[in-house]
Amino acid sequence: MTQFSPKAPKGLVDFQSSYGKYLRQPNASQKPKNIPARASKIYEELFFNNICGFISNCFPVAKSLFTADQWLSFSRAFFNDWRCHTPYFSEIPKEFVNYIKQGKHTLRLPPWFCELIEYEWLELEVDICNAVPLKAPTAQAKSQSAQSSTLYVNPTLRNRTFEWPVHTISPDCIPDTPETTFLAIYRDQTHRVQFMAMNAMTCALLEIITKQPSTAKHALLQLAEAINHPDPAQIVAFGNPIIDDFLQRGMLISMHPT
Numbered sequence: 029m030t031q032f033s034p035k036a037p038k039g040l041v042d043f044q045s046s047y048g049k050y051l052r053q054p055n056a057s058q059k060p061k062n063i064p065a066r067a068s069k070i071y072e073e074l075f076f077n078n079i080c081g082f083i084s085n086c087f088p089v090a091k092s093l094f095t096a097d098q099w100l101s102f103s104r105a106f107f108n109d110w111r112c113h114t115p116y117f118s119e120i121p122k123e124f125v126n127y128i129k130q131g132k133h134t135l136r137l138p139p140w141f142c143e144l145i146e147y148e149w150l151e152l153e154v155d156i157c158n159a160v161p162l163k164a165p166t167a168q169a170k171s172q173s174a175q176s177s178t179l180y181v182n183p184t185l186r187n188r189t190f191e192w193p194v195h196t197i198s199p200d201c202i203p204d205t206p207e208t209t210f211l212a213i214y215r216d217q218t219h220r221v222q223f224m225a226m227n228a229m230t231c232a233l234l235e236i237i238t239k240q241p242s243t244a245k246h247a248l249l250q251l252a253e254a255i256n257h258p259d260p261a262q263i264v265a266f267g268n269p270i271i272d273d274f275l276q277r278g279m280l281i282s283m284h285p286t
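Counting with our numbering, you get residues 29 to 286 for the letters of the sequence shown.
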């Protein structure tokens, strides 16, 4: 059976391309003929305001650090220059992050801006992702005290390292110098987005369990090996309370073998 692959008429494709270019840059492009100016103005404002809304709603902290005109110029530059690679409105903020990351824009931005919007996007991503936090089968399984249980990472969790303290940035707290920051962003069993600031060692421990679910002892011994610690038993003793805390927060789940 021959598969039919319909194509839009060339005239329609040309019109959409021409009008799309005009909508992005009305002052630099010519409006296609036979489109009433009033109707076109509605479309211009509708498209641009929608894009502005998606961006502003995802990045409230970043937006609060700039004047309304500055933020509008960021949105306009993104609207004019970037080509989104997704049909989903909820992913437009991620496209904005990609636009800033690629660095080809001419916007004058502070050095922490890219990481701040990435952090704010992660909060939204965790909130809307389809993953469901794992639930322990019994109350006893909330503790890693049974050494035979296997630790799993909450599937909504994002473990990230930033060069700036993005979780503390606000209009009253603007960092002057970089500060390596380790953050875990996740959704708990009440479906609320949470974050936890960590140090390099606890971040590495979480990464070990993310890559390979294992018992608490095995994960801690892997951590001791990774940092070349002379006394692995000390790392195990140090790490057990940390894992207990991760379990209580819902970042990890402990599952007993059947």
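Glycine included, C-beta positions come from ideal geometry on N, C-alpha and C.
From the DSSP output, read off the bridge partner residues of residue i.
i: A212; result: N187, M224
i: T178; result: M283
i: S242; result: L179
i: S198; result: C201
Who are the Cβ neighbours of residue i in its own chain at under 8 Å, not counting the five residues just before and after it?
i: G287; result: Nothing about residue 287 can be reported from this structure: the residues present for the chain run from 29 to 286 only.
i: R52; result: F107, N108
In angstroms, rounded to a whole number, what distance separates the CA positions of residue i and residue j?
i: I120; j: D259; result: 48 Å
i: T196; j: T208; result: 12 Å
i: A254; j: M279; result: 22 Å
i: N227; j: L234; result: 11 Å
i: I156; j: E73; result: 27 Å
i: P193; j: L144; result: 9 Å
i: T178; j: F266; result: 19 Å
i: N108; j: N62; result: 23 Å
i: E153; j: K122; result: 9 Å
i: S282; j: F210; result: 23 Å
i: F223; j: Y214; result: 6 Å
i: R136; j: S118; result: 26 Å
i: P139; j: M229; result: 26 Å
i: A96; j: K245; result: 52 Å
i: K132; j: V125; result: 13 Å
i: P269; j: Y147; result: 27 Å
i: E203; j: D273; result: The residue you asked about is not Glu; residue 203 is Pro in the sequence shown. If I take the Cα positions, the gap works out to 29 Å.
i: F94; j: Q240; result: 42 Å
i: L275; j: A159; result: 18 Å
i: A65; j: Y127; result: 31 Å
i: I271; j: T243; result: 10 Å
i: Q98; j: P183; result: 37 Å
i: H284; j: F190; result: 34 Å
Just reading off the beta strand (DSSP E) that residue i is part of, what are its end residues?
i: L280; result: 280–283
i: L135; result: Careful: L135 lies outside any beta strand (DSSP E) and carries neither H nor E.
Would you kindly report the start and end of the unbroken alpha helix (DSSP H) that includes residue i?
i: L275; result: 260–277
i: C142; result: 141–156
i: S68; result: 65–86
i: K122; result: 120–130
i: N108; result: 96–109
Sorted by chain position, which residues of the same chain lie with C-beta nearer than 6 Å to residue i's C-beta, five sequence neighbours on each side aside?
i: S103; result: C80, I83
Spatial neighbours of residue i within its chain, please: C-beta separation below 7 Å, excluding the five flanking residues on both sides.
i: S33; result: Low local confidence applies: a pLDDT of 48 at S33 is under 50, so the model's placement there is unreliable, with the coordinate-based value given in what follows. Contacts found: none.
i: I263; result: L248, L251, A252, H257
i: A167; result: Because A167 sits at a pLDDT of 44, beneath the cut-off of 50, its placement in the model cannot be relied upon, and the following sentence gives the value as read from the coordinates. Here the set comprises nothing.
i: K129; result: C142
i: F76; result: F107
i: W110; result: E123, Y127
i: C86; result: P121, E148, W149, L152
Taking only heavy atoms of the ligand MN into account, decide whether any of them is closer than 7 Å to the Cβ of residue i.
i: S45; result: By its list of ligands, the structure shown contains no ligand whatsoever, and the ligand MN lies outside what it can speak to.
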